[in-house]
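J.:
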Amino acid sequence: MGLKVLFSAPRSRWDEWRTPLTDAFSAEGLEVDLATDHPPEDVDYIVYAPNGFLSDFTPYQRCRAVFSLWAGVEAIVGNETLTMPLTRMVDPGLERGMVEYVAGHVLRHHLGIDRFLGTPQGEWEPVVPPLASDRKITVLGLGALGAACATTLAGLGFDVTGWARTQKDLPDVRCLGGAETLDQALTGAEGVVLLLPLTAETENLLDARRLALLADGAFVVNPGRGPLIDDDALLAALDSGVLSHATLDVFREEPLPKPHPFWTNPKVTVTPHIASETRPSSAAKVVAENLRRAEAGEPLLYLVDRTLGY
Ligand code: NDP
Numbered sequence: 001m002g003l004k005v006l007f008s009a010p011r012s013r014w015d016e017w018r019t020p021l022t023d024a025f026s027a028e029g030l031e032v033d034l035a036t037d038h039p040p041e042d043v044d045y046i047v048y049a050p051n052g053f054l055s056d057f058t059p060y061q062r063c064r065a066v067f068s069l070w071a072g073v074e075a076i077v078g079n080e081t082l083t084m085p086l087t088r089m090v091d092p093g094l095e096r097g098m099v100e101y102v103a104g105h106v107l108r109h110h111l112g113i114d115r116f117l118g119t120p121q122g123e124w125e126p127v128v129p130p131l132a133s134d135r136k137i138t139v140l141g142l143g144a145l146g147a148a149c150a151t152t153l154a155g156l157g158f159d160v161t162g163w164a165r166t167q168k169d170l171p172d173v174r175c176l177g178g179a180e181t182l183d184q185a186l187t188g189a190e191g192v193v194l195l196l197p198l199t200a201e202t203e204n205l206l207d208a209r210r211l212a213l214l215a216d217g218a219f220v221v222n223p224g225r226g227p228l229i230d231d232d233a234l235l236a237a238l239d240s241g242v243l244s245h246a247t248l249d250v251f252r253e254e255p256l257p258k259p260h261p262f263w264t265n266p267k268v269t270v271t272p273h274i275a276s277e278t279r280p281s282s283a284a285k286v287v288a289e290n291l292r293r294a295e296a297g298e299p300l301l302y303l304v305d306r307t308l309g310y
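Numbered by the UniProt record's numbering, the letters in the sequence shown go through residues 1 to 310 in order.
(1) Mapping the DSSP letters down to three states, classify R108 as helix, strand or coil.
(2) Is the beta carbon of D183 sitting closer than 8 Å to the one on A208?
(3) Can you tell which of V77, R210, L228 and L170 has its C-alpha closest to the C-alpha of D305?
(4) Return yes when the C-beta of D249 is under 7 Å from any heavy atom of ligand 1, and no when it is not.
(5) Note down the Cα distance separating L111 from R279, rounded to an integer number of angstroms.
(6) Would the beta-carbon of H38 fall within 8 Å of that of L6?
(7) Keeping to the same chain, check which residues put their C-beta closer than 8 Å to that of G97; ignore five residues upstream and five downstream.
(8) With three or more beta-carbon pairs closer than 8 Å as the criterion, would you say the segment 139–157 touches the segment 113–124?
(9) Between the beta-carbon of L211 and the beta-carbon of L196, is there less than 8 Å?
(10) Using C-beta distances below 8 Å, list every residue in its chain close to R64, excluding the 5 sequence neighbours before and after it, in chain order.
(11) Kindly indicate the opening and closing residues of the alpha helix (DSSP H) around K285.
(12) Starting from the C-beta of E41, find all residues in its chain whose C-beta is less than 7 Å away, skip the five residues before and the five after it, and write them out in chain order.
(13) Looking at V250 and P223, is the spacing between their C-beta atoms short of 8 Å?
(14) Give me the Cβ distance between L176 and L214, rounded to the nearest whole Å; I'm assuming they're in contact under 8 Å.
(15) With respect to 7 Å, is the separation between the Cβ of R165 and the closest non-hydrogen atom of ligand 2 below this value?
(16) My guess is that T152 and A218 are in contact by the Cβ rule of under 8 Å, so how many angstroms apart are they, rounded?
(17) Go through its chain and collect everything with a Cβ distance to L156's Cβ below 6 Å, but skip five positions before and after it.
(18) Below 8 Å on the Cβ atoms is my contact criterion, and I expect T199 with L308 to pass it. Report the Cβ-Cβ distance as a whole number of Å.
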């Protein structure tokens, strides 16, 4: 009957993933019985997304690995019943989507596009934006997504600084590594893009003190996770003019509650967690490759480090 793989994700996802996953398992030469309702004691592997039915992994004694369909694993990494290896998603489609979102929103703020939207007829006010090379952008997080965004922004000509826990080496990006270099990465930045995972170390990373290090009128683009930024400090920095704008895709509570001040603040753009999404056509191949590796006893790709939380 083949390997029993449980698909644990919101019911609505089953239709879009079923065929790509089945095809990808076949392409890897794997005989897989993929279903949403295998008895726990029979399950060999789990394909997981948050908000599915699974929160207690204890009965899945046979399960040899859990493959997350999401890049961010903060909802599952601390689950004490999850004792088997956990992988996060690195997907070419997810990466391209994020690069497009970040490049688009950075260019919006850099070019001052809003100034020309809805300009009253006949108002001739020539304001020429600087070249990208005169615009300092800092990207926090240089993993699969942050590195791709940083190099794309550098390719557009921006003066890019990237920051991560460990030192990186990326073409045309000034890379800084370690907590002690964060202030340096932020000082004078005219735009900040957050692509960090949410962990104990990164929560409220962008607080009032660090926001004050940015250049006057800087903008923030956050497709990482909501709690990376102290909301009150962000609103205060927008009110005082320290920041010109914040484009936020992710929030402490999602959907963002109707009364939240982000909705009505003219200096905040809310996008509803759509910066990028795992694309079944490419991501199913990543899951299948990892399942093949698990069966062959090879190291898994994109293994989550439980102690680091990502
Ligand atoms: P990765 O795990 O590949 O990269 C994470 C990066 O953050 C790494 O460079 C890592 O450093 C760095 N980092 C982690 N902790 C720290 C720390 N304490 N100090 C400094 N740097 C740190 O993740 P991805 O690039 O794949 O994804 C990043 C995040 O984007 C996800 O966790 C998720 O929250 C978010 N996301 C949002 C989406 C959306 O639609 N809005 C879609 C997909 C993801 P190092 O390399 O040194 O380990």
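C-beta: ideal position from N, C-alpha, C; glycine also.
T.: According to the structure shown:
(1) helix
(2) no
(3) V77
(4) yes
(5) 30 Å
(6) yes
(7) A275, S276, E277 and R279
(8) no
(9) no
(10) D44, Y45, M84, P85 and A294
(11) P280 to A296
(12) P59, Q61 and R62
(13) yes
(14) That pair is no contact at about 15 Å.
(15) Ligand 2 is absent from the structure shown, which contains only ligand 1.
(16) So it is not a contact: roughly 20 Å between Cβ atoms.
(17) A132
(18) 7 Å
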